[in-house]
Amino acid sequence: MDDHDTTRNYYSDAVGTPSDEAPDILATGHSDIDTLYVSMSKRHPEGYDADYLRWHSLDHRPEQQRLRTLRTSLRVVSTPACRTARAAGCDGYECVDHAMFYFFAGRDAGMKEFYDLAVALNQAGRSPFIMPPVNRGAYTLDGAQAAPRIRTGRDVLPWYPVRGLYLLLEEGAAPPLALPALDGVAGIYHATSFDCDLAGIAAGQKLTLLFLDEDPAATAGTLRPLLEARWAEGTARPLLAAPFHCVVPYEWDRYLP
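FYI, in the numbering used here the residues of the sequence shown are 2 to 258.
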């Protein structure tokens, strides 16, 4: 076969030892992410969702990377198929169509830097869009796990290329959701909200974030029986259980509510 034959699949299956099972890999470094900030909003009342995504992706979101404590971010959108695939939505969370996730290293310093930049951008006239907010939450990262099949480790999950996220918000004393051994689920984050001036969510809410590398709505269908069995036990009350697509740069209207 010609070395330049583009039909050849050079990476058909992940090979080798998963990073989380390789001490020498882990010895080279770990992620210092310890805080998540999540902003949830409704669709634009006049249908300007694509315009909003364009502004936020090209102007607002890149500016956040100047913050010393910010490690990365992800923006996701709920499509009609995603909404149909939701397993739960109540207490106002059923209106969530957009969600933005920021991953910080350093809780107090991160929230202060985040606030200071928001004020500065606003004073510079750089915040023209306001989407109808649903809620905002600040969360302490409690744990993470990557599916062994993807080989890359839990430390780098926020940088792993995903098609979307599954956002699970719960109240109650249920133990953390175990990483489902399902196609489409690349990894999982567990976090608990804390009181924060920048957030409307009170301390104690449980957030589970599933990183998805297959179609979000289809993966949600395989997750639903597991979640319903979890809730039937009575120790967790779901507020939102919903799949979302990642925004595709320069294809702002590809995934819309």
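A virtual CB, placed ideally from N, CA and C, is assigned to each residue, including glycine. Just so we're clear, the structure is a prediction, and the values are computed from it rather than from any experiment.
Among the options, which residue has its Cα nearest to the Cα of residue i?
i           : options               : result
residue 208 : 156, 138, 83 and 163  : 138
residue 158 : 170, 59, 164 and 145  : 145
residue 40  : 96, 173, 83 and 147   : 96
residue 185 : 245, 197 and 176      : 245
residue 230 : 179, 44 and 71        : 179
residue 167 : 84, 181, 217 and 113  : 217
residue 196 : 160, 53, 83 and 108   : 108
residue 200 : 24, 37, 33 and 26     : 37
residue 256 : 42, 25, 33 and 50     : 50
residue 222 : 60, 173, 35 and 83    : 83
residue 104 : 151, 77, 141 and 149  : 141
residue 133 : 60, 152, 43 and 170   : 43
residue 126 : 215, 61 and 225       : 61
residue 135 : 202, 89, 238 and 242  : 202
residue 1   : 204, 205, 182 and 149 : Nothing can be reported for residue 1: it is not among the residues displayed for the chain, which extend from 2 to 258.
Compute the Euclidean distance between the alpha carbons of residue i and residue j, then round it to the nearest angstrom.
i           : j           : result
residue 28  : residue 22  : 11 Å
residue 162 : residue 75  : 11 Å
residue 106 : residue 31  : 12 Å
residue 253 : residue 55  : 6 Å
residue 3   : residue 248 : Model confidence at residue 3 stands at a pLDDT of 47, short of 50, so the residue's coordinates are unreliable; what they give is reported in the following sentence. If you take the alpha carbons of residue 3 and residue 248, they lie about 36 Å apart.
residue 1   : residue 236 : Nothing about residue 1 can be reported from this structure: the residues present for the chain run from 2 to 258 only.
residue 210 : residue 98  : 16 Å
residue 194 : residue 48  : 31 Å
residue 8   : residue 16  : Residue placement at residue 8 is poorly supported in this model, since its pLDDT is 48, which falls under 50; the coordinates still yield a value, given next. Cα to Cα, residue 8 sits roughly 20 Å from residue 16.
residue 131 : residue 101 : 14 Å
residue 58  : residue 250 : 8 Å
residue 128 : residue 52  : 13 Å
residue 173 : residue 234 : 11 Å
residue 258 : residue 79  : 5 Å
residue 113 : residue 33  : 18 Å
residue 151 : residue 169 : 22 Å
residue 224 : residue 85  : 14 Å
Sorted by chain position, which residues of the same chain lie with C-beta nearer than 8 Å to residue i's C-beta, five sequence neighbours on each side aside?
i           : result
residue 118 : 64, 65, 67 and 68
residue 143 : 177, 191, 192 and 193
residue 160 : 73
residue 213 : 163, 164, 165, 166, 167, 185, 186, 187, 220 and 244
residue 175 : 207, 231, 234, 236 and 237
Mind checking which residues open and close the alpha helix (DSSP H) that includes residue i?
i           : result
residue 113 : 108-124
residue 26  : 24-27
residue 224 : 217-233
residue 85  : 81-85
residue 55  : 50-56
What is the residue span of the beta strand (DSSP E) that residue i lies within?
i           : result
residue 103 : 99-105
residue 138 : 134-147
residue 64  : Not the beta strand (DSSP E): residue 64 falls in the alpha helix (DSSP H), residues 62-65.
residue 91  : Where residue 91 is concerned, there is no enclosing beta strand (DSSP E), given that its DSSP letter is neither H nor E.
residue 257 : Premise fails: residue 257 is in no beta strand (DSSP E) and is neither H nor E.
residue 251 : No beta strand (DSSP E) holds residue 251; DSSP gives it neither H nor E.
residue 186 : 186-194
residue 243 : 237-247
residue 78  : 71-78
residue 39  : 36-42
residue 212 : 207-213
residue 167 : 165-173
Apart from the five residues on each side of it in sequence, which residues of its chain come closer than 6 Å, Cβ to Cβ, to residue i?
i           : result
residue 92  : 240
residue 154 : 20, 21 and 147
residue 24  : none
residue 111 : 36, 70 and 105
residue 189 : 146, 180 and 211
residue 89  : 239 and 242
residue 18  : none
residue 26  : 20
For a cutoff of 7 Å on Cβ pairs, would you count residue i as touching chain C?
i           : result
residue 132 : No chain C is part of this structure, which consists of one protein chain only.
Can you determine whether any heavy atom of the ligand SAM sits closer than 6 Å to the C-beta of residue i, and answer yes or no?
i           : result
residue 115 : Of ligands this structure carries none, so the ligand SAM is not represented either.
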